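Mapped onto this note's numbering, the consecutive letters of the sequence shown carry residue numbers 314 to 459. C-beta: ideal position from N, C-alpha, C; glycine also. Everything numeric in this text was worked out from a predicted model, so none of it was measured. See below for the structure under consideration.
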Amino acid sequence: MSHLPIDRPGFTCTQCGRCCFLPDAFSLSADIADIERWQEEGREDILEYADEITPDVVDLWINPNSGEECLDRCPWFRKVRNETKFYCTIHETKPTHCHEFPRNQEHAWKCGCPGWGLPPEGWKHPDGHVSPLTGRPPISIRLIGK
Ligand code: SF4
Ligand code: SF4
314 MSHLPIDRPG FTCTQCGRCC FLPDAFSLSA DIADIERWQE EGREDILEYA DEITPDVVDL
374 WINPNSGEEC LDRCPWFRKV RNETKFYCTI HETKPTHCHE FPRNQEHAWK CGCPGWGLPP
434 EGWKHPDGHV SPLTGRPPIS IRLIGK
């Protein structure tokens, strides 16, 4: 069964694509519930990119041809034609980590997700982290968006 929608009042995804690149947003692992869901859904196309290391740890995204981790970008990440917008081709069943991002406004600002707009001037996360939201996407996205 696909993920149930998460209610995030005031949040609008701008399809900026940052969460598919930024640390603490993009993940290279899945949980066992993801594996079971993909098995139930018959998503062999996704499962072939997953490597179960232990019953609790699943490595993503492993290129099935080379056996190497897809480190440059997620294999399901695509650009909308003629627009600087991005989308996930497995959106309805993407890993739980991706589905649950961002966990809240603070998490969004910490990671550089603009779904709740820009943080107030001088905002800092309680752990001291300064938001990477500067109005410009990361270089990796600017290159894809050319
Ligand atoms: S970073 Fe936030 S606004 Fe941008 S694509 Fe991801 S969820 Fe949407
Ligand atoms: S699975 Fe989808 S949401 Fe997650 S990193 Fe890849 S493209 Fe982004």
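Test item: CB-CB of residue i and residue j under 8 angstroms
i, j, result
"residue 340", "residue 410", "yes"
"residue 390", "residue 326", "no"
"residue 354", "residue 406", "yes"
"residue 321", "residue 426", "no"
"residue 424", "residue 335", "yes"
Beta-carbon separation (whole angstroms), residue i vs residue j, contact threshold 8 angstroms
i, j, result
"residue 432", "residue 422", "4 angstroms"
"residue 428", "residue 415", "7 angstroms"
"residue 387", "residue 376", "About 12 angstroms separates the two Cβ atoms, so there is no contact after all."
"residue 360", "residue 351", "5 angstroms"
Cβ-based neighbour list, residue i, same chain, cut-off 8 angstroms, excluding 5 preceding and 5 following
i, result
"residue 371", "342, 343, 344, 345, 347, 348, 363, 364 and 365"
"residue 328", "393, 398, 399 and 400"
"residue 319", "412 and 413"
Close-in-space but distant-in-sequence residues of the same chain around residue i (CB under 6 angstroms, 5 per side omitted)
i, result
"residue 418", "429"
"residue 324", "428 and 429"
Cutoff 7 angstroms; reference residue i; Cβ partners in own chain excluding five residues on either side
i, result
"residue 436", "422 and 444"
"residue 369", "345"
Who sits around ligand 2, taking every residue whose Cβ is closer than 6 angstroms to one of its heavy atoms?
333, 339, 387, 389, 390, 401, 403, 407, 408 and 411
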